[in-house]
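Asker:
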Amino acid sequence: MRTRVPTTSLLPAVLAGLLLAGCGGDGASQAGDGADDAVPSDGSSVGQSASPAALPQPQCSEVWVTGATLPAGYELCYDGEARVAPDGAYCEVGKPLVTHAGRWWAVRGGEVQEATTDGRLVEDPGYAADLRTCRG
């Protein structure tokens, strides 16, 4: 024999269960709930300056490192968001001697050198020697 449960007593139990299930959270943010919309995932607040990952690349401070190799395809770098075009000297060997900030020099694909004369590149003996070699 079957026991019959009245539907009027079942409906409130189902509704209560649905309401309680909707109240709980699993810790994940719900799409569009606005809970995490104001704070970026890196913990910084909205309106702060751009993070390093958001800055244009490559940054000059990462390219012009003494002893590093200047990329063979180097064309420019950025100081923050400001574009910095390379300076340099024409070389008869076909590779220009590229300079940066009056302090560093290299040929594309070559080792970055730094002036030892307090940042006065034109007075640096190493730069002068490379410039003479460059010009033939």
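With mature numbering (1 follows the signal peptide of the UniProt record, and there is no 0) applied, the sequence shown corresponds to residues -21 to -1, 1 to 115, in that order.
We treat Cβ as the ideally placed atom computed from N, Cα and C, and that holds for glycine.
#1: Could you give the first and the last residue of the continuous beta strand (DSSP E) run that contains Ala108?
#2: Go through its chain and collect everything with a Cβ distance to Cys56's Cβ below 6 Å, but skip five positions before and after it.
#3: State yes or no: is the C-beta of Thr48 within less than 8 Å of the C-beta of Gly115?
#4: Spatial neighbours of Leu110 within its chain, please: CB distance less than 7 Å, with the 5 preceding and 5 following residues excluded, ordered by chain position.
#5: Of the choices Pro65, Val86, Lys74 and Arg87, whose alpha-carbon is the least far from that of Ala80?
#6: Nearest-angstrom Cα distance between Gly105 and Ala94?
#7: Roughly how many angstroms lie between the CA atoms of Cys113 and Glu71, to the nearest whole one?
Answerer: Looking at the coordinates:
#1: Not the beta strand (DSSP E): Ala108 falls in the alpha helix (DSSP H), residues Pro104 to Arg114.
#2: Pro37, Cys39, Val42 and Val63
#3: no
#4: Contacts found: Ala68 and Leu76.
#5: Pro65
#6: If you draw a straight line from the Cα of Gly105 to the Cα of Ala94, it is about 8 Å long.
#7: 6 Å
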